[in-house]
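The structure under discussion appears below in the form of structure tokens.
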Amino acid sequence: MGEHDSVLVLDDEEAIREVVCEALEDHFGDIRTAPDLATAKTHLEATAFDVVILDINLKGENGGEILKFLKDNETPNKEVPILIISGLLNPEFMERNQERIEMLEKPFGQTKLLEKINKLLNLSDKANAPEPEEPEQEEPDLDDDLKDILGS
66 MGEHDSVLVL
76 DDEEAIREVV
86 CEALEDHFGD
96 IRTAPDLATA
106 KTHLEATAFD
116 VVILDINLKG
126 ENGGEILKFL
136 KDNETPNKEV
146 PILIISGLLN
156 PEFMERNQER
166 IEMLEKPFGQ
176 TKLLEKINKL
186 LNLSDKANAP
196 EPEEPEQEEP
206 DLDDDLKDIL
216 GS
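According to my numbering, the stretch in the sequence shown is residues 66 to 217, in order.
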């Protein structure tokens with residue numbers, strides 16, 4: 066996945082966090098995990114991530130609060146791409162959220178996980194890419210034009 070090296074995985078199920086981390090270990094140098102919202106918020110305030118993977122249905126908590134947290138707070142992750150993983154995906158939820166969000170229904174395989182992350186990272190790269198510069202047009206050489214007119 067190229068120059069991307071940091072990911073945060075928020076899921077209350079340790080087994081899911083482990084599987085996701087194993088799938089990503091060859092692609093990301095810095096993989097952080099969070100079992101709950103408080104831990105995730107601490108990571109999000111301290112570290113800029115290339116992508117955040119989060120479960121919406123946490124035990125006793127709503128993972129969607131992370132989206133509100135990122136929107137309402139100044140963190141280095143205000144525009145971070147997000148992959149939502151959940152056993153119960155709500156299409157209305159997706160319609161209400163930004164284009165930098167992808168969804169993946171549990172259970173999922175490593176290939177599908179990596180495809181979704183790649184898609185998010187490619188979208189993010191395009192959004193952050195500098196505008197292509199227009200080629201400079203050469204200024205006409207007035208001295209040569211004058212010589213042509215004067216016949217010198």
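Just so you know, even glycine gets a beta-carbon here, dropped at the ideal spot from N, CA and C.
If you measure between the beta carbons of residue 130 and residue 102, is that distance less than 8 Å? Contact: yes.
Does chain B have any CB closer than 8 Å to the CB of residue 182? No chain B appears in this structure, which consists of one protein chain only.
Residue 177, buried or exposed, once every other Cβ within 10 Å from all chains shown has been counted against 16: Classification of residue 177: exposed, given that the 10 Å Cβ count is below 16.
How many angstroms separate the CA atom of residue 115 from the CA atom of residue 72? Going from the Cα of residue 115 to the Cα of residue 72 covers about 6 Å.
Check whether the stretch 119-134 and the stretch 93-109 touch, using three or more Cβ-Cβ pairs below 8 Å as the test. Yes: the two stretches touch, three or more of their Cβ pairs being nearer than 8 Å.
Can you find the residues in the same chain that come closer than 7 Å, C-beta to C-beta, to residue 89, ignoring five residues on each side of it along the sequence? Cβ within range, chain order: 72 and 96.
Secondary structure at residue 140, three-state DSSP: helix, strand or coil? Residue 140 carries a coil assignment under DSSP once its states are collapsed to helix, strand and coil.
Nearest candidate by alpha-carbon position, reference residue 78, set 150, 109 and 107: Nearest in C-alpha terms to residue 78, of all of 150, 109 and 107, is 150.
Using DSSP's beta-bridge definition, name the partner residues of residue 149. In the DSSP output, where bridge partners are listed per residue, residue 149 has 119 and 168.
Rounded distance between the beta-carbons of residue 135 and residue 142, thought under 8 Å: That pair is a contact at about 6 Å.
In three-state DSSP terms, what is residue 79? Annotated three-state conformation of residue 79 is helix, per DSSP.
How far does the alpha helix (DSSP H) with residue 112 in it extend, from its first residue to its last? First-last for residue 112: undefined, no H or E at that position.
Measure how close the beta-carbons of residue 76 and residue 82 come, nearest whole angstrom, since I'm counting them as under 8 Å. Residue 82 and residue 76 do touch by the CB rule: their CB atoms are close to 5 Å apart, below 8 Å.
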